[in-house]
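So the protein sequences, as listed, match chains A and B. Quick note on numbering: the first sequence equals residues 170 to 668 in the working numbering. Quick note on numbering: the second sequence equals residues 55 to 454 in the working numbering. Cβ coordinates follow ideal geometry from the N, Cα and C atoms, glycine included.
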Amino acid sequence: MTTTTPLRITLALALVTLLAVSSSGCSDDTNSTPADGGGDATRADGTGADGGTPTLPETYTFASRFVSGESSVVHSGQSGRHLLIEEIKRFIGELTDTSYASPKAGDVVADLMFFYDFKNAGGTEGEKIKFAPAGGGSAKQATFGDVGEIVSLHEKMPDIESVVGWTAGTAGWGDGSVKPSDLVKQWFGAVETLVLARINDANIPKDPSGKDIASPYLSADGIDYEELIVKFLLGAVALSQAADKYLDDDKDGQGLLSDNTKAVAGKPYTALEHAWDEGFGYFGAAHDYSAYTDEEIAGAGGRDGYKNGWYDSDADGKVDLGREINWGASVNAGKRDLGAKAKTDFSKQAFEAFVAGRHLIRSIDGAPSSAQLDMLRGYRDAALGAWEKAIAATAVHYINDVLQDMAKFGNTDYSFASHAGHWSELKGFTLSLQFNPRSPLTAAKLGELHQKIGDKPVLPGASNVAEYKTALLAARDILKDAYGFDAQNVGDADGNNGW
Amino acid sequence: MVGSGSRRGWVTLAMGLALLGGCKSGDGPAVDTGAGFDRKAMLDNIAASVLAPAFATFADRADALVSAVTAHAAAQGADTAKRDAALAAWKAATLAWQRAEQMQLGPSASTASAGGEGLRDEIYSWPTVSACAVDQQIVAQGYSDPAFIENKLVNVYGLDALEYLLAHAAAENSCPSTAAINRDGEWAAIAAAEVTKRRADYALVAAQALAKTARALADKWDASKDNFGAKLGGAGSDSSPYKTLDLAVDALFSAMYYVDYVVKDLKVEIPGGLSTNCQTDCANQRESRWANHSKENIVANLEALQAIYRGGDKPGALGFDDWLEARGAKQLAADLDADITAAIAAANKVSPTLGEAIANSPADVTALQQALKRITDKLNNDFVVALKVTIPPLGAGDAD
């Protein structure tokens with residue numbers, strides 16, 4: 170999202186831009202969010218209220234059809250889960266050799282499970298939020314109760330029998346048929362094992378050069394559990410819940426087939442409106458996402474007020490963690506757009522599709538017709554497609570980082586910790602690619618991708634460095650072909666000149 | 055926002071602060087935000103009059119520390135007078151280093167920052183410290199390995215480890231009962247005299263490494279050697295790691311910001327029970343738990359901040375106060391200087407030690423916190439507005 174062009178677009182234009190790679194970007198418009206995002210009503214045939222082409226709202230803001238003056242957009246559960254993922258990230262990242270005075274088996278896992286299964290693990294409305302918006306921003310919500318629902322990540326994990334991409338028998342991970350939820354617990358256990366060994370037994374793992382490894386969440390074989398766990402959760406919870414539940418259309422009365430004729434009891438929205446909002450909430454974009462430049466979404470600079478990845482739209486001096494900050498994949502989308510050599514606009518494509526779909530739902534007075542449902546499916550596919558592309562592009566980025574790390578083997582500028590972090594992000598993001606049922610990456614290619622990436626990085630001194638580099642290049646090609654990435658963005662054989 | 059990051063590794067205090075200087079985005083051709091004020095002359099002066107001398111003084115005191123610890127170790131740690139002398143030498147070296155703590159830019163700063171070589175953590179890694187880890191090395195005698203300093207984490211050497219080795223003479227170790235040295239009886243199996251000897255031997259290894267690093271750092275600032283000060287003032291030149299004068303000024307301002315993130319937040323508010331970020335055992339999170347030198351450290355930090363601010367103590371020496379005056383903020387210049395002076399007085403009023411004041415005269419600790427906040431409030435607001443310097447972010451951002 171890089172241009173200064175206002176985002177007010179037509180539905181017809183939206184469809185064109187959503188279904189094709191667009192080279193335009195988001196607005197630099199800094200106007201505050203209106204009570205309703207604006208835009209004309211869409212008629213059942215897809216035209217505007219006056220029979221012409223409807224315009225879309227600039228923000229993800231939709232007034233209730235049922236309660237005058239009230240917003241119909243609610244996704245507090247999704248904001249809460251993004252926060253819990255952040256809390257897990259913070260907790261693991263802050264672990265040190267003095268975090269526990271006298272740790273026993275189960276202590277570290279219990280602390281991690283608190284955030285993982287918050288709702289069922291003693292989390293309360295009064296639990297203070299430790300996450301703080303970057304750049305000194307002050308959050309509007311001080312407690313999880315302020316965010317809304319008290320939720321759990323654990324109970325939203327995909328109900329599949331086995332995670333593709335974590336090989337049986339390696340690194341002690343069971344028999345190869347581990348469920349996503351159990352995999353996370355196993356990783357928590359691995360963190361605990363490292364912590365207890367360090368504190369109780371002075372058993373500090375060593376990196377390939379023989380130096381003690383500083384971070385308790387970093388194993389000697391190069392797995393950074395903070396990165397691995399967090400990136401996996403963004404796929405296994407956020408993408409999975411959006412793609413396979415709230416935006417899916419395979420079950421009557423659920424997802425896109427939810428009721429749109431009446432308000433949910435006591436709520437200002439229909440079930441369909443809410444399902445769409447929950448999918449949007451998992452994408453993680455601020456409601457005025459289109460006002461950000463890619464640089465600002467990435468938190469890499471830009472205008473004061475936007476440059477840290479959030480914007481105080483209502484000027485109340487606080488950052489509303491529900492609608493004024495960008496989370497998860499919405500940030501990755503901006504980062505990849507920012508770093509693209511051949512222009513991409515995943516951020517714009519995803520946001521416009523979410524807005525267009527929600528606008529359509531809001532405009533339909535009753536159940537969607539078959540044609541409207543098809544249109545909604547189109548917006549869904551466009552939104553999830555851009556979302557997943559952002560993840561896949563981020564995986565390409567980390568393949569390139571790992572290639573660059575490996576090129577430094579034997580040099581003083583090689584960093585084991587960076588290498589482990591890059592590889593673990595790569596693994597976490599690519600594990601995420603199995604959670605969209607409409608993924609362009611086939612099951613066969615997904616398996617092939619993970620065979621090439623493996624279950625741990627290849628470290629200095631290994632005998633298969635050249636072979637692994639070749640495998641990473643092949644993995645990158647799998648992603649390039651499946652997602653149609655421009656060769657310019659993929660990078661060269663050394664991992665340079667691309668994402 | 056968040057996401058993921060390759061801000062891996064030992065996310066140390068130095069790293070968090072040192073990244074500060076490199077975060078300003080507009081690094082194109084230099085724009086004279088000095089508004090007629092000669093910022094290069096100010097940087098040149100501060101480097102020559104304040105920064106380089108601080109590192110040189112520390113190197114000299116680190117050498118003196120080696121001498122004292124050598125005598126202490128020669129007595130196998132058993133001569134109380136020699137241990138006291140070694141501890142006194144540690145305090146002298148620490149006072150010098152605490153001035154340098156306020157000057158984390160260039161070679162002492164993180165390798166992720168402009169000109170950074172990460173030497174600060176090699177010298178002093180607080181709050182990344184672990185008394186238990188030091189005890190574990192005493193048992194393992196890991197310090198006898200020639201590669202000990204190279205391969206071990208920063209929490210088992212440097213001034214912080216030396217403090218524990220020299221000031222903690224009790225028979226007990228600091229590890230929990232679950233730790234193998236206690237659980238398996240390893241510590242108990244070592245005679246008390248042997249523990250004393252090992253502490254002294256270990257201290258000598260740490261002191262020698264410290265002196266070596268201290269001298270290397272001093273040489274990097276020495277005008278007759280690497281002369282990093284010339285690179286600071288020479289921002290924009292090929293030999294400088296700073297692309298613009300703005301970035302060089304921001305690097306120095308980031309170093310000054312230590313008074314906010316570290317002095318106020320970590321050294322006073324956390325142990326003083328004045329922060330919601332600590333709920334239990336807060337007093338034991340004070341900086342100098344073993345030698346009870348926390349108050350003196352804070353005074354040294356503030357004196358160094360004032361020296362940078364004033365550009366040293368020579369008449370007419372250019373400092374940030376002069377720059378503020380040149381920008382028409384004469385009252386702010388005077389007020390900020392008075393605030394720093396007042397904070398030094400407030401720190402000195404904490405008595406006899408920070409730890410005891412927290413327990414017995416908490417009002418004095420609160421007064422110090424408020425005095426510090428008056429400084430940081432000005433730095434965060436009027437100062438940055440007047441001089442158009444960049445407030446440093448906390449730590450590294452995500453890289454993905």
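Let me confirm a value: residue i is counted as buried when at least 16 other C-beta atoms fall within 10 Å, else exposed. Which label applies?
i: A/S539; result: exposed
i: B/S16; result: Residue 16 of chain B is absent from the structure shown; chain B starts at 55 and stops at 454.
i: A/D543; result: exposed
i: A/G664; result: buried
i: B/Q333; result: exposed
i: B/K384; result: exposed
i: A/S196; result: The predicted model places A/S196 with a pLDDT of 30, which falls under 50 and marks its position as unreliable; any figure quoted below should be read in that light. Counting Cβ neighbours within 10 Å, A/S196 comes out buried, since at least 16 surround it.
i: B/Q360; result: buried
i: A/Q620; result: exposed
i: A/K309; result: buried
i: A/V236; result: exposed
i: B/A345; result: buried
i: A/E361; result: buried
i: A/D483; result: exposed
i: A/D328; result: exposed
i: B/T395; result: exposed
i: B/G131; result: buried
i: A/E636; result: exposed
i: B/D335; result: exposed
i: A/K517; result: buried
i: A/D485; result: exposed
i: B/K274; result: buried
i: A/G330; result: Residue identity differs from the one stated: residue 330 of chain A is Glu in this sequence, not Gly. Burial call: exposed.
i: A/K273; result: exposed
Quick one: what's got a C-beta closer than 8 Å to residue i's C-beta in the same chain, skipping five residues either side?
i: B/A358; result: V104, A108, Q152, R153, A154, E155, Q156, M157
i: A/Y652; result: E557, K558, A561, A562, P609, L610
i: A/R546; result: D418, L425
i: B/T420; result: G326, L328
i: A/V320; result: G246, G249, R250, L253, F287, K288
i: B/Y363; result: M310, G373, F374, D375, L390, D391, I394
What does residue i touch in chain A if you count any residue whose Cβ is under 9 Å from its own?
i: B/A194; result: A371
i: B/D260; result: In the sequence under discussion, the amino acid at residue 260 of chain B is Ala, which differs from the Asp named in the question. Ordered by position in chain A, no residue passes the 9 Å Cβ test against B/A260, which lies about 16 Å from the chain.
Below 8 Å on C-beta distance, what does residue i contact in chain A?
i: B/T182; result: T265
i: B/Q190; result: A371
What in chain B is Cβ-close to residue i, meaning under 8 Å?
i: A/G379; result: A201, N205
Spatial neighbours of residue i within its chain, please: CB distance less than 6 Å, with the 5 preceding and 5 following residues excluded, ordered by chain position.
i: A/Y285; result: L322, H323
i: B/G196; result: F202
i: B/R115; result: A146, A147, A150
i: A/N501; result: A559, T563
i: B/L408; result: R340, S348, K349
i: A/Q410; result: K325, Y451
i: A/R531; result: F231
Tell me which same chain residues have a C-beta within less than 7 Å of the C-beta of residue i, skipping the five on either side of it?
i: A/A662; result: L642
i: A/S593; result: I392, D393, E396, L397
i: B/V438; result: I445
i: A/K431; result: T439
i: A/H251; result: G453, W496, G497
i: B/S342; result: E217, S348, N351
i: B/R220; result: Arg is not the amino acid found at residue 220 of chain B; the sequence shown has Leu there. R137, A140, L141, W144, A257, listed in sequence order.
i: A/L628; result: P377, G391
i: B/A440; result: L378, R381, A383, L386
Q: Using a Cβ-Cβ cut-off of less than 9 Å, list which residues of the region 361-375 of chain A approach chain B; keep chain order.
A: Residues passing the 9 Å Cβ filter: L365, R367, I368, N369, D370, A371, N372, I373, K375.
Q) What residues in the region 261-274 of chain A bring their beta carbon closer than 9 Å to a beta carbon of chain B? A) Per Cβ criterion, the list reads G262, E263, T265, D266, T267, Y269, A270, S271, P272, K273.
Q. Residue ranges of each alpha helix (DSSP H) run of no fewer than 4 residues wholly in the region 318-380 of chain A, ordered along the chain?
A. Whole alpha helix (DSSP H) segments, 4+ residues: 349-370.
Q. Along the region 213-233 of chain B, what residues have a CB closer than 7 Å to any CB found in chain A?
A. Contact residues of the region 213-233 of chain B toward chain A are P230, S231, T232, A233 (C-beta to C-beta distance below 7 Å).
Q: Could you tell me which uninterrupted alpha helix (DSSP H) segments, each at least 4 residues in length, are contained entirely in the region 425-458 of chain A, listed from first to last along the chain?
A: Taking only runs of at least 4 residues, the alpha helix (DSSP H) segments lying wholly in the region 425-458 of chain A are 440-452.
Q | Contained alpha helix (DSSP H) runs [length at least 4] in the region 191-256 of chain B, N- to C-terminal order | A | Runs of the alpha helix (DSSP H) lying entirely within the region 191-256 of chain B and spanning at least 4 residues, in chain order: 202-205, 213-221, 234-237.
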